[in-house]
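Enquirer: The structure follows.
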Amino acid sequence: MHVRPAHPDDAATIDELLHQLGYPQEVPGNTAARLKSWADHPDGAAYVAEVDGTVLGVVAVHCCPFLERDGSWARIVALVVSLEARGIGLGSRLVAEAEAFAGSRGCVRMEVTSSDRRRDAHAFYRSLGYVDQSGRSSRFLRDLPGEPPEQR
610 MHVRPAHPDD AATIDELLHQ LGYPQEVPGN TAARLKSWAD HPDGAAYVAE
660 VDGTVLGVVA VHCCPFLERD GSWARIVALV VSLEARGIGL GSRLVAEAEA
710 FAGSRGCVRM EVTSSDRRRD AHAFYRSLGY VDQSGRSSRF LRDLPGEPPE
760 QR
């Protein structure tokens, strides 16, 4: 198993992984552009896990300073391991890479969100020491007006 920074050349495989997670990518080329944006941004990183040269997982992490106290925190924005490769340690290795990136940027806390229906993912995060905040914290979302950039 080898973990390395994701490259735009990985976009087609990452599209397949995102589709497995329930996020089909409808516009060809957008993932490659997003990967370039991640690579160019100092507060974020995307990594892939390969086995025998085949990309089987991806993680993206972003760091953000706290306002209410000193330090920064990081969020795993996306994590997916191919259905056929789950259970062999790729997810743990990708999370460790995201945590190492966050630690190198001075982050003192990690966050990850996961859909309520992803019970296996919840057990996975707990096994890594993540604490479930359900019942103590709520998440609120709002779409902002305007067309997404890919539709402009």
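To convert, count from 1 in the sequence shown and add 609; that's the numbering used here. Cβ atoms here follow ideal geometry from the backbone N, Cα and C, with glycine treated the same way.
Classify L665 as buried or exposed, calling it buried when 16 or more other Cβ atoms lie within 10 Å of its own Cβ.
Expert: For the purposes of this step, residue 665 is identified with residue 56 of the sequence shown, where counting begins at 1. Buried is the call here.
Enquirer: Return helix, strand or coil for V636, following the three-state DSSP convention.
Expert: For this step, residue 636 is matched to residue 27 along the sequence shown. In the structure shown, V636 sits in coil (DSSP, three-state: anything other than H, G, I, E or B).
Enquirer: If I follow the unbroken beta strand (DSSP E) through T622, where does it start and stop?
Expert: Against the sequence shown, residue 622 aligns to sequence position 13. Premise fails: T622 lies in the alpha helix (DSSP H), 620-629, not in any beta strand (DSSP E).
Enquirer: Excluding the five sequence neighbours on either side, which residues of its own chain have a C-beta within less than 6 Å of the C-beta of A669, listed in chain order?
Expert: For the purposes of this step, residue 669 is taken as residue 60 along the sequence shown, with counting starting at 1. A655, V686, A687, listed in sequence order.
Enquirer: Let me check understanding here. Comparing Cα to Cα, which of T722, V690, P651, A707 lies closest to L750?
Expert: On the sequence shown, position 141 is the one that residue 750 refers to. The shortest C-alpha separation from L750 is found at T722.
Enquirer: By DSSP, does V704 sit in helix, in strand, or in coil?
Expert: Counted from its first residue, the sequence shown places residue 704 at position 95. If DSSP states are grouped into helix, strand and coil, V704 belongs with the helices.
Enquirer: Please return the same chain residues whose Cβ sits closer than 7 Å to the Cβ of G715, not counting the five positions on each side in sequence.
Expert: Counting from 1 along the sequence shown, the entry for residue 715 is found at position 106. Cβ within range, chain order: G680, S681.
Enquirer: Measuring only the C-alpha atoms, how far is G653 from C672?
Expert: Along the sequence shown, one-based indexing puts residue 653 at 44. Along the sequence shown, one-based indexing puts residue 672 at 63. Roughly 6 Å separates the two Cα atoms.
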